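The next block holds one structure in the form of structure tokens; read it before the comments.
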Amino acid sequence: MRDRINIIIYSLCLIASVISLIIRYLVISQPNDFIKDITSGLAFSGATFGIGGFWQLLSDYGWKSIKCKILYPNAKVYVSLSYLLNIKLAGEDRYLLIKGGKINQYQPVGGVYKNLSKSIDKDWEAESRTDRSNPLDLRFFTKAKYIPEIKKWFISGKEREFGVWREFQEELIESTILKGESFKHIDVEFLRTEEKMMSKENRFKDEKYHTIFYDIFKVILTPEQEREIKQLYDNNSFSDKYAFVEADEIYKECFNNSHTKIGQHTKLILNYKQ
Numbered sequence: 001m002r003d004r005i006n007i008i009i010y011s012l013c014l015i016a017s018v019i020s021l022i023i024r025y026l027v028i029s030q031p032n033d034f035i036k037d038i039t040s041g042l043a044f045s046g047a048t049f050g051i052g053g054f055w056q057l058l059s060d061y062g063w064k065s066i067k068c069k070i071l072y073p074n075a076k077v078y079v080s081l082s083y084l085l086n087i088k089l090a091g092e093d094r095y096l097l098i099k100g101g102k103i104n105q106y107q108p109v110g111g112v113y114k115n116l117s118k119s120i121d122k123d124w125e126a127e128s129r130t131d132r133s134n135p136l137d138l139r140f141f142t143k144a145k146y147i148p149e150i151k152k153w154f155i156s157g158k159e160r161e162f163g164v165w166r167e168f169q170e171e172l173i174e175s176t177i178l179k180g181e182s183f184k185h186i187d188v189e190f191l192r193t194e195e196k197m198m199s200k201e202n203r204f205k206d207e208k209y210h211t212i213f214y215d216i217f218k219v220i221l222t223p224e225q226e227r228e229i230k231q232l233y234d235n236n237s238f239s240d241k242y243a244f245v246e247a248d249e250i251y252k253e254c255f256n257n258s259h260t261k262i263g264q265h266t267k268l269i270l271n272y273k274q
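The numbering of the sequence shown is the numbering used here, which starts it at 1 and goes up by one.
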């Protein structure tokens with residue numbers, strides 16, 4: 001609400017600046033010094049304050065976020081806040097992917113972050129879109145006007161899950177793809193945050209847009225962990241649980257002679273720009 005009020009104020013300042021210039025140069029043919037000083041001062045002050053305010057908003061949120069507040073503030077948006085893990089086979093251009101649980105495709109290890117203490121229903125009018133077994137998953141419906149706040153909150157890392165071990169353990173250790181003895185913990189390097197904001201999609205009822213944020217991490221393997229990953233690859237590079245695929249195959253979104261699908265979002269673990 002505060003940002004919308006600021007946008008209105010900045011817009012009024014720019015309008016006042018333009019009006020002052022119109023009065024100065026078009027309405028009054030021979031203005032005296034007092035009129036010149038007043039109109040010039042108003043034009044300069046209004047333009048400075050308005051442009052400075054919009055620049056600050058753009059710095060904080062970005063143009064797409066500003067459009068959310070101005071063009072379609074009440075549009076229904078599906079939001080997902082997730083992370084993906086880049087697990088690369090040492091010395092090879094191959095990446096470890098797992099079989100998707102809901103979609104018949106191979107994809108990176110990772111998943112949706114969990115909410116810890118944020119009141120998303122009160123703060124963002126959020127309607128949860130979660131499995132009954134995962135009620136805290138950060139995927140929900142909300143209104144477009146809240147997207148800038150959601151983005152800023154997500155980047156802050158506050159009041160939400162921040163680690164990546166849970167999905168690594170569930171998808172690789174509990175699934176018996178890897179042995180727990182070598183993977184009692186993992187080190188990761190944060191690479192970047194990828195965002196897909198306000199893309200037009202209608203997978204769900206009354207929903208017009210998707211907004212998805214992914215934190216991308218690289219798993220830093222110990223020598224022992226590298227050996228186990230290499231042994232897994234040597235034993236079988238492709239199974240009904242996992243696959244080692246090359247970067248070119250990830251870009252093509254398929255492997256196994258184009259018979260097996262790779263999730264579109266898998267590109268994000270590479271140096272990929274949407």
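For every residue, glycine included, the Cβ atom is placed at its ideal position computed from N, Cα and C. Everything numeric in this text was worked out from a predicted model, so none of it was measured.
Three-state secondary structure (DSSP) of residue i
i: residue 140; result: strand
i: residue 262; result: strand
i: residue 169; result: helix
i: residue 239; result: coil
i: residue 212; result: strand
i: residue 163; result: coil
i: residue 19; result: helix
i: residue 26; result: helix
i: residue 99; result: strand
i: residue 117; result: coil
i: residue 184; result: coil
Range of the contiguous beta strand (DSSP E) that encloses residue i
i: residue 233; result: From DSSP, residue 233 is part of no beta strand (DSSP E) but of the alpha helix (DSSP H) over 223 to 235.
i: residue 187; result: 187 to 200
i: residue 76; result: 76 to 86
i: residue 275; result: Outside the displayed span of the chain (1 to 274) sits residue 275, for which this structure offers no information.
Same chain, Cβ closer than 7 Å to residue i, five either side skipped, listed in chain order
i: residue 140; result: 79, 120, 126, 127, 128 and 129
i: residue 167; result: 109, 110 and 111
i: residue 224; result: 182
i: residue 175; result: 241
i: residue 73; result: 143, 144 and 145
Where the alpha helix (DSSP H) through residue i begins and ends
i: residue 251; result: 247 to 252
i: residue 149; result: 147 to 156
i: residue 205; result: That residue, residue 205, is in no alpha helix (DSSP H); it is neither H nor E in DSSP.
i: residue 177; result: Here residue 177 belongs to no alpha helix (DSSP H), and DSSP marks it neither H nor E.
CB of residue i within 7 Å of CB of residue j, strictly
i: residue 82; j: residue 214; result: yes
i: residue 118; j: residue 161; result: no
i: residue 136; j: residue 104; result: no
i: residue 144; j: residue 254; result: no
i: residue 268; j: residue 149; result: no
i: residue 180; j: residue 173; result: yes
i: residue 124; j: residue 142; result: yes
Other residues of its chain near residue i: CB distance less than 8 Å, five sequence neighbours each side excluded
i: residue 206; result: 76
i: residue 257; result: none
i: residue 188; result: 85, 164, 217, 218, 219 and 220
i: residue 30; result: none
Chain-order list of residues whose beta-carbon lies under 6 Å from that of residue i (same chain, five-residue window excluded)
i: residue 100; result: 107
i: residue 233; result: 89 and 244
i: residue 274; result: Because residue 274 sits at a pLDDT of 49, beneath the cut-off of 50, its placement in the model cannot be relied upon, and the following sentence gives the value as read from the coordinates. If we look at residue 274 and ignore the five residues flanking it on each side, it has no Cβ neighbours.
i: residue 196; result: 212
i: residue 271; result: none
i: residue 19; result: none
i: residue 191; result: 216 and 218
Heavy atom of the ligand FMN within 6 Å of residue i beta-carbon
i: residue 15; result: Of the ligands one can find in the structure shown there are none, so the ligand FMN has no counterpart to examine.
Would the segment 213 to 226 count as touching the segment 247 to 264 if we require 3 or more Cβ pairs under 8 Å? Touching, no.
Cβ pair count under 8 Å reaching 3, the segment 238 to 256 against the segment 110 to 126: Under the 8 Å Cβ criterion, the segment 238 to 256 does not count as touching the segment 110 to 126, having fewer than three qualifying pairs.
Pairing CB atoms from the segment 198 to 208 with CB atoms from the segment 243 to 260, are three or more of them under 8 Å? Because the criterion of three Cβ pairs below 8 Å is not met, the segment 198 to 208 and the segment 243 to 260 do not touch.
Does the segment 156 to 171 come close enough to the segment 203 to 211 that 3 or more CB-CB pairs lie under 8 Å? The segment 203 to 211 is not in contact with the segment 156 to 171.
Does the count of Cβ pairs from the segment 222 to 232 and the segment 87 to 94 closer than 8 Å reach three? The segment 222 to 232 vs the segment 87 to 94: in contact.
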